[in-house]
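What follows is a single structure, written as structure tokens, with notes after it.
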């Protein structure tokens with residue numbers, strides 16, 4: 571699985587959009603971009619994933635650059651409950667359940 | 024709530040002992056994975072079970088072993104515990120159809136402390 575690079579931490583104001591960047595410059599053509607988050611003392615939670623098109627669901631939007639070397643997770647209206655560590659992972663969808671977690675970005679949403 | 028449960032929530036063992044951790048997958052899920060998460064780090068993949076057989080393993084020694092039962096519950100066994108085995112142990116379940124996997128759902132984890 572390709573390696574990802576994320577900023578170690580970022581702050582966000584409650585009610586504002588949170589934009590979380592991820593670099594994956596060595597991503598292969600068949601690798602998807604996945605985002606998970608882990609709220610303190612809980613297991614990781616799936617957020618969204620995509621291959622090359624932008625994706626949106628009830629939790630977030632995923633913007634993938636045209637060259638697929640980077641992506642941005644957007645939380646449109648951050649709440650205090652969005653405070654968590656956010657992990658960007660790239661993997662081949664058919665590669666089984668193995669997720670390779672990096673250090674993630676620790677997001678603190680402030681009132 | 025993901026429908027994935029783990030027991031116990033906390034456990035304290037001494038070095039050299041053996042431990043068994045349990046996981047109950049979400050209904051309908053046929054694949055389970057186990058992860059180890061040391062304090063301040065991301066989860067590390069231990070292994071995966073599909074149809075009661077190990078189907079992928081991370082960089083963990085053989086003293087880490089597992090079982091998956093017909094009802095898709097599973098166990099993680101660790102023998103000869105070492106201090107560095109102290110961690111949060113997470114299980115995750117998903118549904119596999121052919122070579123396609125849906126997203127994984129994680130349990131809350133078991134916090135293991137080895138003294």
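Protein chains in written order, with this note's numbering: chain F, 571 to 681; chain G, 24 to 138. Glycine residues also receive a C-beta, built at the ideal position from the N, C-alpha and C atoms. Keep in mind the model is a prediction, meaning the values are calculated, not measured.
Would you identify the three-state DSSP class for residue 581 (chain F), choosing helix, strand or coil?
strand
Three-state secondary structure assigned by DSSP to residue 106 (chain G):
helix
How many Å lie between residue 654 (chain F) and residue 647 (chain F) at the Cα?
15 Å
My output table needs one value for residue 621 (chain F): the three-state DSSP class, helix, strand or coil.
coil
Relative to chain F, which residues along the region 76–87 of chain G have a C-beta separation below 8 Å, given in chain order?
78, 79, 81
Kindly indicate which three-state DSSP category residue 134 (chain G) falls into: helix, strand or coil?
strand
Quick check: is the beta carbon of residue 92 (chain G) nearer than 7 Å to any beta carbon in chain F?
no
What does residue 675 (chain F) reach in chain G if we use C-beta pairs closer than 7 Å?
Neighbours of residue 675 (chain F) on chain G: none; closest Cβ ~11 Å, over 7 Å.
On a Cα-Cα basis, can you pick out the residue from F:641, F:662, F:676 that is closest to residue 126 (chain G)?
F:662
If the cut is a Cβ gap below 9 Å, which residues of chain F does residue 31 (chain G) touch?
By Cβ distance, chain F contributes nothing, its closest Cβ being about 15 Å from residue 31 (chain G), past 9 Å.
Please list the residues of the region 37–63 of chain G that have a C-beta atom closer than 7 Å to any C-beta atom in chain F, keeping them in chain order.
54, 56
Just to confirm the assignment: which complete beta strand (DSSP E) runs, minimum length 3, are found wholly within the region 51–76 of chain G?
54–60, 67–73
Where does the unbroken beta strand (DSSP E) through residue 47 (chain G) begin, and where does it stop?
42–47
At least one CB of chain F closer than 7 Å to the CB of residue 34 (chain G): is that the case?
no
By alpha-carbon positions, which one of G:61, G:65, G:38, G:25 ends up nearest to residue 134 (chain G)?
G:61
Going along chain G in order, which residues have a C-beta closer than 9 Å to the C-beta of residue 578 (chain F)?
Result: empty, since nearest Cβ-Cβ is about 11 Å, beyond 9 Å.
I want to know whether the region 38–47 of chain G touches the region 98–114 of chain G - three or more CB-CB distances under 8 Å.
yes
Does the region 83–94 of chain G come within contact of the region 24–34 of chain G, defined as at least 3 CB pairs closer than 8 Å?
no
Which residues of chain G have a Cβ atom closer than 7 Å to the Cβ of residue 681 (chain F), listed in chain order?
The premise fails here: residue 681 (chain F) is roughly 26 Å from chain G at the closest Cβ pair, so nothing lies under 7 Å.
Could you check which residue in G:95, G:72, G:104 has the C-alpha nearest to that of residue 36 (chain G)?
G:104
Cα-Cα separation, residue 129 (chain G) to residue 117 (chain G)
9 Å
To which residues does DSSP link residue 659 (chain F) through a beta bridge?
F:604
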